Each structure stands twice: as structure tokens, then as C-alpha cells.
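Novice: Every letter in the sequence shown is one number past the one before it in this note's numbering, and letter 49, counting from 1, is 42.
Let me begin by handing over the structure; questions about it come next.
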Amino acid sequence: MTAVGIDAIEIWTGNLKLDLPGTFAPEKGEDPEKYTKGLGLNASSFPDSYEDIVTMGANAAHRLMERKGLEPDDIGRIDVATESSFDNSKPVSTYVAGCLEQVYDGDFHHANKGERKFACIAGTQSLDDAYNWIRAGRHRGRSALVIATDTALYARGDAGEATQGAGAVAMLISEDPDLVELSTEQGYGSADETDFLKPNQQFPSVDGKRSVQVYLARMREALEDYESVAGDVHPDDLAYIPFHTPFPGMVRKAGLLGYRHITRETSLEDDLADEIGRQPREEAFDDEDAFRDALREYMDALKGTDQYREWYAETIEPTLSLSREVGNWYTGSVHLARVSALKTALEADRELTGETLLVGSYGSGAQAEIHAETVKSGWKDEIAALNIDEQLEDRYDMSWADYEEVHDVHNHEMDVDVEEFTTPEAEFVFDGWGRMGERKYRYVE
Ligand code: CAA
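This is the structure we're talking about:
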């Protein structure tokens, strides 16, 4: 069977930056360490007034097409995953195609376009759609463009305001990919949950504490489902585990739970037994509360062991480096985590070809998905071509007054007119409204 997977990735960050410990925490009267240590965040990326999900998505896609030397005819499908859409009928992918057609001679008239919605997991679901389309043999030798783009903003004063972000990840899905091959095996954990939603509003309604619990419950369910088809997962078989990262502190919790699960009944559990005992088994307890208490105690002890800390530092920590600087990108977030891991490996001169990533995606509402990816031999060139460090460095660092001014520009219900803070260069920008309420875009040289 021919390999199908991600051939190339490009990233586009919002052009503004909000310094969380330096600018946000003091205004909120909070300890900066709540951000750096607790949530694990240094900054959020933020969209300037001329940026939105279309500009960021089109800019990421444009970089990707340029770098891979692609023309519109090479693309048979464009799917945009977002939870920040502004139209219930016309998909964002049509706007993105319209932008790209401004800068290419050809067009995307024979590409299938769509928009995927299931909170943050929609980006991964779009990868699935592309994978299935290629596997079904309907692609006529062409590739699919998957774009995960979001302005992940919360209402002022909401607890989620600490975890905002904005950016896009564009991915090219092809046969014989250069970056990673996707596994056929997948696991799902899906249930009707009310943890985070946007009932026809741009800034979400969130039950933050509950959302954390739902994330963990669905992720665990997905892992069990994955193991039921792929066999038991063992820590030694995995180079990295990129998780959906609303903020790194969430992944700290997921990593601990995951490690407990995948070491159960292995020699790694035995190695820890002298120090912290064996994992509590439900059948050994008469009541649920006593079992839960024992589990909590075991987890507290586990996170302090050298064995766990070393595993976390090698397998999970490298997936968080970009997220710490940009915050939550919703649909793009797990795909940034994958890039962070590969970028760390490249910088450490680690050879990864043939190694396995286990990817844990999550969308509120709620669904988790787990699949594996095999790193392909072109990964170094692909990751070395990214300019994300320069993009992060070039962001305009907002003052508190700037932030207060620009925040509500990105609430679709409000008409806020704010001068831009940065000067766009070689990128698509929002260019006002058309007669039917459509958005207009233009490319700035
Ligand atoms: N030094 C060190 N650590 C500190 C600290 C300090 N001075 N002050 C606080 N902390 C720690 C806390 O102990 C806590 O860590 P633990 O959970 O490990 O104990 C962490 O910092 C956060 O502190 P709080 O819980 O007090 O923060 P909060 O009440 O402001 O809310 C939140 C946190 C609920 C996650 C909130 O930011 C939120 O609602 N976020 C949006 C929802 C979200 O991201 N949910 C994640 C799962 S849902 C999902 O993944 C989908 C999605 O993308 C939205």
C-alpha cells in the first residue's frame, strides 16, 4: 500500500504578541508564574486589525505552495478547519482559493472545497478526509491542501482570556509524503458534552474546569480504542506524543495520565514499584472513592519520579515549545505540537526517520482521536525550511492599551475600527466589505 501523509507544513502566526507574564498578569493582579509555570505560557499570538482566518490561512498556504513549487492544478482539494468562521454557508476555503488565485496564473476551479467543524479536532478530521480521498483513488495524482486557521479569542474577563492565540497551519497531504505517513489505525473517544461551545457567537461559552476533565476523559477513551486496533502502546516505541495543546499545563496533565496508562503491566511499572508501589487496580477496592484517592496518590508520586520526569522531558516537553510562545490556535494547535517536536529534534541533531509519533487530537463538544505517524526521510529539509522563529521574533509586542483597543475587532458582532499596528509585507490582508456582506482581500507586495 502506498504511504499517504503530510508532505509539507507551513505556519503563519498572527502579527501581534501579548506578553502574558509581563503585560497581562500585572493588569489582572496575578502572579506572572501562574502563566509561565502554571499554564506554561509566555505569550499569545494575536491578529492585527487587517488579519483574520482567511488572511492567515492563505498566507500559510501561499508559503507552502511557493516552497514546494506548486501550481493550483496540483491541488485537488482544499479543506479549511476552523471554529472561527464568519459565514454559515460560504466556506472559508473559497475565500482562501480566491486569495491564492490573485497571485497564481491558474485557478482552483476543479478542486473540491469545504469547511470542517468540530472544535479543535477539525484539523485532524480534515487530514482524515484528505487521506481517505487519496486512498480511494479519487485524487487523480493531485494533493490536498488542509488549512487549520483560527482566531482563538475569549471575551474580556473570561478565564480563557489567558490562553488566547491566533494563527494558521497549512498542510499538504500527498502520496509518498516527505514528512510523516499517517497510520490506518485510529482510536476515538466521543461524547455529547457541554464544555466549550460557540452558539452563533464568536467568543466562546466555556466551562473551563470541566473542559479540562472532558479533554482527559475523551483522550483516555480514544487511547483505549486505538489500542484495541493497533495493540498496546509502549513508551519505548514512541519518539514524541504531540497532543492538542490549549495551553502546555493541559498537556502536563494528559502526559501523566497517558504514562500511567501505557506503563501498566509493563516492566516500567515494575521498575517504579520499589519507589512508589504498583498502580492501584479497581478490583482491589471496595468503594470507588477509596480507589480514586489511591489513584491520586499514585499519580502525585509518579510525577516526582526520575523515570517519569526523564520520559516527559524527552517525549512531551519538546512538543510544547511553540505553544508556549503563541497560545492556543484551536484547530492548528496539535499540528503546531508536531512541528515543535520535529523542530526540537532537528536542533538537537536527532535522527528521526522511521520513528513513531503518537498524535492525540481533541475537540470540545467533545471528541478525541489518536493515530500514529511514521517520520519520513524528508523531514529535516521540511522542518529546516520553516521561518517560524523569525515570524515570532517580528511580532509587534502590544501594550495593555493596544490590547484593549484591538481585542474586539475580532468579535464578528462588533464593528470596531482600529488602525493597524504593523505594516503588512508580502501577505494577504483584509480589504473591507463587499455589497453582499462578503469579505474582500488583497495581496500586499
Ligand atoms: N505559580 C505556579 N502555578 C500557578 C500559580 C503560580 N503563582 N497560580 C496558579 N498556578 C497554576 C494552578 O495551580 C493551575 O495548575 P493545575 O491545574 O496544574 O493545578 C494553573 O496554574 C492554572 O491556574 P487556575 O486553574 O487557577 O487558572 P484559571 O482558573 O484562570 O483557569 C483554565 C484555567 C480553566 C484552563 C482557563 O484558562 C480556561 O478556561 N481556559 C479555556 C478552556 C481551555 O483551554 N480548556 C482546556 C481543555 S478544552 C480544549 O482543549 C479545547 C480548547 O482548545 C479550548
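By construction, the Cβ of each residue, glycine as well, lies at the ideal position given by its N, Cα and C atoms.
None of the values given here were measured: they were computed from a predicted structure.
1. With distances taken from CA atoms, which of Gly430, Lys21, Asp401 and Ala(-4) is nearest Pro40?
2. What I want to know is whether the C-beta of Thr312 ends up closer than 7 Å to one or more non-hydrogen atoms of the ligand CAA.
3. Let's test the definition: count the other Cβ atoms within 10 Å of the Cβ of Glu3 and tell me whether it reaches 16, buried, or not, exposed.
4. Cα-Cα, which of Asp0, Ala(-4), Gly(-2) and Leu9 is closest to Asp395?
5. From the DSSP output, in three-state form, read off Asp408 for me.
6. Ignoring anything shorter than 4 residues, give me the alpha helix (DSSP H) runs that lie fully in the stretch 284 to 318, in order along the chain.
7. Is the beta carbon of Gly180 less than 8 Å from the beta carbon of Tyr233?
8. Can His237 be considered in contact with the ligand CAA, in the sense that its beta carbon sits closer than 7 Å to one or more heavy atoms?
9. Excluding the 5 residues preceding and the 5 following Leu313 in the sequence, name in chain order all residues of the same chain whose CB lies nearer than 8 Å to its CB.
10. DSSP three-state label for Arg131, please.
11. Taking a contact to mean a Cβ-Cβ separation below 8 Å, would you say Phe196 touches Leu146 in this structure?
12. If you run the structure through DSSP and keep just helix, strand and coil, what is Trp442?
13. Apply the 10 Å Cβ neighbour rule to Lys21 and answer buried if 16 or more other Cβ atoms are within range, or exposed otherwise.
14. Measuring alpha carbon to alpha carbon, tell me which residue in Tyr301, Ser167, Val368 and Gly251 is nearest Asp225.
15. Looking at the unbroken beta strand (DSSP E) that takes in Ser72, where does it start and where does it end?
16. Rounded to a whole number of angstroms, what is the C-alpha to C-alpha distance between Ala184 and Thr415?
17. For Glu297 and Asp171, which I take to be in contact (beta-carbon distance under 8 Å), what is that distance rounded to the nearest angstrom?
18. Specify, as a first and last residue, the run of the alpha helix (DSSP H) that Asp264 falls within.
19. Is the separation between the beta-carbon of Val399 and that of Glu418 shorter than 8 Å?
20. The ligand CAA and Asp185: does the residue's C-beta get closer than 7 Å to at least one heavy atom of that ligand?
21. Taking Thr142 and Gly7 to be in contact with their CB atoms under 8 Å, please state how far apart those CB atoms are, rounded to whole angstroms.
22. The beta strand (DSSP E) with Arg432 in it runs from where to where?
23. Which of the three DSSP states, helix, strand or coil, is assigned to Asp143?
24. Taking Cβ positions, are Ser357 and Ala54 nearer each other than 8 Å?
25. From which residue to which residue does the beta strand (DSSP E) around Ala361 run?
26. Output the distance between the C-alpha atoms of Ala294 and Asp0, rounded to the nearest integer angstrom.
27. Beta-carbon within less than 6 Å of Gln384's beta-carbon, same chain only, minus the 5 sequence neighbours each way: which residues are those?
28. Starting from the C-beta of Lys191, find all residues in its chain whose C-beta is less than 8 Å away, skip the five residues before and the five after it, and write them out in chain order.
29. I think Ile376 touches Leu335, with their Cβ atoms under 8 Å apart; what is that distance to the nearest whole Å?
30. I believe His328 touches Met212 by the beta-carbon criterion, under 8 Å. Please report the beta-carbon distance rounded to the nearest angstrom.
31. When you compare only the Cα positions, how much space is there between Ala277 and Arg285?
32. Go ahead and label His403 buried or exposed: buried means 16 or more other beta carbons lie within 10 angstroms of its beta carbon, across all protein chains shown.
33. Taking 6 Å as the limit between beta carbons, can you name the residues of its chain near Thr16, skipping five residues before and five after?
34. For the stretch 82 to 90 against the stretch 103 to 112, do three or more pairs of beta-carbon atoms, one drawn from each stretch, fall closer than 8 Å, so that the two count as touching?
35. Return yes when the Cβ of Gly91 is within less than 8 Å of the Cβ of Tyr434, no when it is not.
Specialist: Here's the rundown:
1. For Pro40, the closest C-alpha among the options Gly430, Lys21, Asp401 and Ala(-4) is that of Asp401.
2. Not one heavy atom of the ligand CAA is found less than 7 Å from the C-beta of Thr312.
3. buried
4. Leu9
5. Asp408 sits in coil when the DSSP states are folded into three classes, being neither helix nor strand.
6. 299 to 308
7. no
8. Answer for His237: yes, Cβ within range of the ligand CAA.
9. Gly33, Thr238, Pro241, Val244, Ala330 and Ser333
10. coil
11. yes
12. Residue 442 lies beyond the stretch modelled for the chain, which goes from -6 to 438, so this question has no answer here.
13. exposed
14. Gly251
15. First, the residue type needs correcting, since residue 72 is Asp and not Ser in the sequence shown. That run of the beta strand (DSSP E) goes Ile68 to Ala74.
16. 42 Å
17. According to the sequence as given, residue 297 is Gly; it is not Glu. Actually they are not in contact, since the Cβ atoms of Gly297 and Asp171 sit about 41 Å apart, beyond 8 Å.
18. That run of the alpha helix (DSSP H) goes Ser260 to Ile269.
19. no
20. Asp185 Cβ: outside cutoff for every heavy atom of the ligand CAA.
21. Not quite, the Cβ-Cβ distance comes to about 10 Å (not below 8 Å), so this is no contact.
22. Arg432 to Val437
23. strand
24. Contact: no.
25. Gln360 to Val368
26. 41 Å
27. Thr6
28. Excluding the 5 residues flanking it on each side, Lys191 has same chain C-beta neighbours closer than 8 Å at Glu76, Pro197 and Ser198, in chain order.
29. Between Leu335 and Ile376 the Cβ distance is about 5 Å, and since that is below 8 Å, they are a contact.
30. With 8 Å as the limit, His328 and Met212 do not qualify as a contact, their Cβ atoms being about 17 Å apart.
31. 12 Å
32. buried
33. Trp393
34. Contact holds: three or more Cβ-Cβ distances are below 8 Å.
35. yes
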